[in-house]
Amino acid sequence: MTKTRPLLPFAEAALVAVTLATVAGFWRLFNSGSFFWRLVALSLASHAAVMVARRLGWSLAGATALSGVALVLTVTWVLYPSTTFLALPTRDTITATRLDLASAWSQFQSVQAPTPVTGSFLLVAGLALWWAAFVADWAAFRLWVPFESVVPAGTVFVFCSLFAVKRSSVTAAAVFLGACLFFILVHRVTRQQASAGWVASDVQRGSLNLLKVGGTLGVVVVALCAVIGPNLPGADADALVAWRAGEGGGSSRTTVSPLVQIQSRLLDQSNQELFSVESPERAYWRLTALDQFDGSIWSSNGEYERARGTLSADGRAPQEHVLAQRYQISNLATIWLPAAFHPTGVRAPGVDIRYDPTSGTLIVGSAIDTSDGIAYEVDSSLGVFDPAQLEAASANIPAGIAAADLALPPDLSNRVRQEAARVVAAAVTPYDKALALQDYFRDGSFTYDVTVPAGHSDSAIERFLFDTKAGFCEQFAGTYAAMARAVGLPARVAVGFTPGEQDPIKANLYHVKGEHAHAWPEVYIDGQGWVPFEPTPGRGAPGAEAYTHVPESQSSGNGATNTTLAPSTTVASGPADSPSTTRPTESNGVATGGGQNNKPASESSWSVWGKKVALVLGTAALLALLYSVIVPLLHRHARDKRRRGADSPTDQVRVAWSEAVEAVGLLGVAPSRTESPVEFGWRARRLAPEGAFEALATLVEAADYSAEGATGEQAEQAWARSEPITQVVRDQATRGQRVRWALDPRPIDRRRPRRGRRARSGSARGDAPAIELLLPG
Numbered sequence: 000m001t002k003t004r005p006l007l008p009f010a011e012a013a014l015v016a017v018t019l020a021t022v023a024g025f026w027r028l029f030n031s032g033s034f035f036w037r038l039v040a041l042s043l044a045s046h047a048a049v050m051v052a053r054r055l056g057w058s059l060a061g062a063t064a065l066s067g068v069a070l071v072l073t074v075t076w077v078l079y080p081s082t083t084f085l086a087l088p089t090r091d092t093i094t095a096t097r098l099d100l101a102s103a104w105s106q107f108q109s110v111q112a113p114t115p116v117t118g119s120f121l122l123v124a125g126l127a128l129w130w131a132a133f134v135a136d137w138a139a140f141r142l143w144v145p146f147e148s149v150v151p152a153g154t155v156f157v158f159c160s161l162f163a164v165k166r167s168s169v170t171a172a173a174v175f176l177g178a179c180l181f182f183i184l185v186h187r188v189t190r191q192q193a194s195a196g197w198v199a200s201d202v203q204r205g206s207l208n209l210l211k212v213g214g215t216l217g218v219v220v221v222a223l224c225a226v227i228g229p230n231l232p233g234a235d236a237d238a239l240v241a242w243r244a245g246e247g248g249g250s251s252r253t254t255v256s257p258l259v260q261i262q263s264r265l266l267d268q269s270n271q272e273l274f275s276v277e278s279p280e281r282a283y284w285r286l287t288a289l290d291q292f293d294g295s296i297w298s299s300n301g302e303y304e305r306a307r308g309t310l311s312a313d314g315r316a317p318q319e320h321v322l323a324q325r326y327q328i329s330n331l332a333t334i335w336l337p338a339a340f341h342p343t344g345v346r347a348p349g350v351d352i353r354y355d356p357t358s359g360t361l362i363v364g365s366a367i368d369t370s371d372g373i374a375y376e377v378d379s380s381l382g383v384f385d386p387a388q389l390e391a392a393s394a395n396i397p398a399g400i401a402a403a404d405l406a407l408p409p410d411l412s413n414r415v416r417q418e419a420a421r422v423v424a425a426a427v428t429p430y431d432k433a434l435a436l437q438d439y440f441r442d443g444s445f446t447y448d449v450t451v452p453a454g455h456s457d458s459a460i461e462r463f464l465f466d467t468k469a470g471f472c473e474q475f476a477g478t479y480a481a482m483a484r485a486v487g488l489p490a491r492v493a494v495g496f497t498p499g500e501q502d503p504i505k506a507n508l509y510h511v512k513g514e515h516a517h518a519w520p521e522v523y524i525d526g527q528g529w530v531p532f533e534p535t536p537g538r539g540a541p542g543a544e545a546y547t548h549v550p551e552s553q554s555s556g557n558g559a560t561n562t563t564l565a566p567s568t569t570v571a572s573g574p575a576d577s578p579s580t581t582r583p584t585e586s587n588g589v590a591t592g593g594g595q596n597n598k599p600a601s602e603s604s605w606s607v608w609g610k611k612v613a614l615v616l617g618t619a620a621l622l623a624l625l626y627s628v629i630v631p632l633l634h635r636h637a638r639d640k641r642r643r644g645a646d647s648p649t650d651q652v653r654v655a656w657s658e659a660v661e662a663v664g665l666l667g668v669a670p671s672r673t674e675s676p677v678e679f680g681w682r683a684r685r686l687a688p689e690g691a692f693e694a695l696a697t698l699v700e701a702a703d704y705s706a707e708g709a710t711g712e713q714a715e716q717a718w719a720r721s722e723p724i725t726q727v728v729r730d731q732a733t734r735g736q737r738v739r740w741a742l743d744p745r746p747i748d749r750r751r752p753r754r755g756r757r758a759r760s761g762s763a764r765g766d767a768p769a770i771e772l773l774l775p776g
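FYI, numbering that gives the first Met the number 0 numbers position 50 of the sequence shown as 49, with every residue one higher than the one before it.
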């Protein structure tokens, strides 16, 4: 029996260090360190569970079961302690977990690092770390493959790095690389203690020397990488492939509602100034437009080019007048640069600014974390819309606009589509339809309420329309845009700010605060371009009353609405006590619904999430099926190739012997380095037909040591002995052993045999497997 390796606990600790180094890398994703100890707890629990199962000698299936139970309990205690009863998970725990999982994907698409620490992100990160720790332990101490053991944690680390901010990137990479090299070194020494002949006389001394030398080399390598790498020529140059937003001369950048980035400030710092703007006129200071709706969130995918001088723009109005603005950003904490729509020119000496002409969006370059502290000037061409011209506009839609701005998810609720059709049933022109939808939300039946929980699925739209009838600006704008598309109106969601508070001394200076954050829909009308509408009660765009019939109004603090112009007698402007335009911290993306539905909907958020889960599980099942077919086929191909390559009788005898030895490895028996074929044949005789192994061993020794080599007759005898051995061994093996052996991706001659019950109860000489196979020749 092999003795327990004295360095095994150190190797296990080194593997845990790799996982903890991965956890530390999450610092570049989150805006606070509150995530750290919770993810550490989940990581340590995962390692502990699989380690206990392995030390107890449990199979991989048993370890998986124990790990699953530990996962449920640890997630409950660490992330949802308030939902437990007697420290056990309850239905509330399941509900909280399901909701966090359901919103995780929306949040992932909606935010940009550094992001607030949310329950959804903690849950997903914890599950990823749990998986990484489990797979790493299996690869490291069951298969004993060191490099494959760091791949799971490396996958999580690289994934985080792709979306993380640039801060501490060198430090994070150095810590992770150092942890990986240290683990590989300790793992290698641990394994060599029982197999390396050069330390056989003094295992302890040889191991320590190897650790010292390897550790020194590892420190040098990490230090050189950390110092030299960032200083190599071209390290700070633009990427050849601009996968990060804003890199290169022109690049693609996926953007979602900027309100997501500042959502933590909307409630906590609603009175804090985000930026100031000097302008001779009030306007909506627009950040971007979101034209993609997948049933969960509104987003955009713009092509950003360097902004130099005059800017082009798509969908401009035929009548415009120029508005010059001067901005000073203070606490916006985002990549966007506000500007009245459409921006036609920008000036910011020394600042890298990018521009998307499709959405009319300005952002800072990728080398700049946020726009805070930037001062710039913008010239904008404000559309002047005449109600008569809007009324006379045709229903023609350019092909590009129709393809991008009429798209709706196929599973959008029919009830929502029918409601949109009902609202515009009496309208004839596109303008009439757009106005009818706006008036539908402002007729007094809908109220502005920031306390309504955010929702993003089509069922949330149903709750907003038919149950709660309450929400904040993003729910009004997002639902309006979805309904507009349902009746054939190209629409998108614009996000930005209302004019802000006028400076008491300087009349053309406006102070824009968190409470002025706002979202509104834009509808494309042929010959008129993108026309803003205002469905949110208590809000009204400056200069738009002539065609929207809504007076200019915005939040004035403490939940009050400030109406700048005389109220319109055409359409009710909503409750006078509408709260400020803020959103709950739980919301993500442009919300399209709110509240919790107490009755089932035709397409619930859970059913949408269930479809996604089914897709993932179906993909995983397909991959597993392909794996289970391809790996055995590859093994069979390798075996056939080896047989075809055995040209001489001597080679055929050796191949026959190798297949017999590999077969008994299925039961956990293998020759040691010091055993001759005859000795091993005698030890393994009980696993094969009587006399078969001893006879085969005699043939292979004769082939190896005979001057003439084996004869053709001996080769036939070898195959006659080998094939029954293989068949008898397979009959003795359990189904689990056969499945594991067939699906093991490693070449058969490089596997470390598993110790089974039969191997431990072998002959008096002991059937304990050695570290590796000894193949003759």
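Cβ atoms here follow ideal geometry from the backbone N, Cα and C, with glycine treated the same way.
Anticipated Cβ contact below 8 Å, residue i with residue j, distance rounded
| i | j | result |
| --- | --- | --- |
| THR343 | SER380 | 5 Å |
| PHE465 | TYR447 | Not really, about 18 Å apart at Cβ, beyond 8 Å. |
| ALA139 | ALA16 | No, ALA139 and ALA16 are not in contact; Cβ-Cβ is about 12 Å, not under 8 Å. |
Cα-Cα separation, residue i to residue j
| i | j | result |
| --- | --- | --- |
| ALA717 | ILE724 | 11 Å |
| LEU622 | VAL630 | 12 Å |
| LEU7 | GLU707 | 47 Å |
| GLU461 | LEU122 | 28 Å |
| TYR626 | LEU742 | 8 Å |
| GLU280 | LEU28 | 39 Å |
| VAL607 | ASP290 | In this prediction, VAL607 scores a pLDDT of 46, lower than 50, which makes its location untrustworthy; no coordinate-derived value is stated. |
| ASP703 | TRP130 | 47 Å |
| TYR479 | THR114 | 28 Å |
| ALA171 | GLY125 | 19 Å |
| ALA47 | ARG141 | 15 Å |
| PHE440 | LEU78 | 39 Å |
| GLN553 | ALA282 | 11 Å |
| LEU59 | PRO744 | 16 Å |
Secondary structure of residue i, DSSP reduced to three states
| i | result |
| --- | --- |
| THR21 | helix |
| PHE471 | coil |
| PRO113 | coil |
| TRP36 | helix |
| ARG491 | strand |
| PRO348 | coil |
| THR446 | strand |
| GLY539 | strand |
| GLY359 | coil |
| TRP335 | strand |
| VAL530 | strand |
Exposure of residue i, with buried meaning 16 or more beta-carbon neighbours within 10 Å
| i | result |
| --- | --- |
| GLN726 | exposed |
| ARG682 | buried |
| LYS432 | buried |
| ARG54 | exposed |
| THR789 | The structure shown does not extend to residue 789, since the chain spans only 0 to 776, so no value can be given for it. |
| VAL49 | buried |
| THR467 | buried |
| ILE227 | exposed |
| VAL589 | Reliability of the predicted coordinates at VAL589 is poor, the pLDDT of 37 falling under 50, and no value is obtained from them. |
| VAL157 | exposed |
| THR75 | buried |
| ARG658 | For clarity, residue 658 is Glu in the given sequence; the question names Arg instead. Buried, by the Cβ-count rule. |
| TRP335 | buried |
| GLN437 | buried |
| ALA10 | buried |
For residue i: DSSP bridge partner residues
| i | result |
| --- | --- |
| GLU272 | LYS512 |
| HIS320 | LEU381 |
| HIS517 | GLY495 |
| TYR375 | TYR326 |
| THR309 | GLY344 |
Chain C contact for residue i (CB, 8 Å cutoff)
| i | result |
| --- | --- |
| ALA10 | The question asks about chain C, but that chain is absent: this structure has only one protein chain. |
beta-carbon residue i near the ligand GDP non-hydrogen atom, thresh 7 Å
| i | result |
| --- | --- |
| ALA706 | By its list of ligands, the structure shown contains no ligand whatsoever, and the ligand GDP lies outside what it can speak to. |
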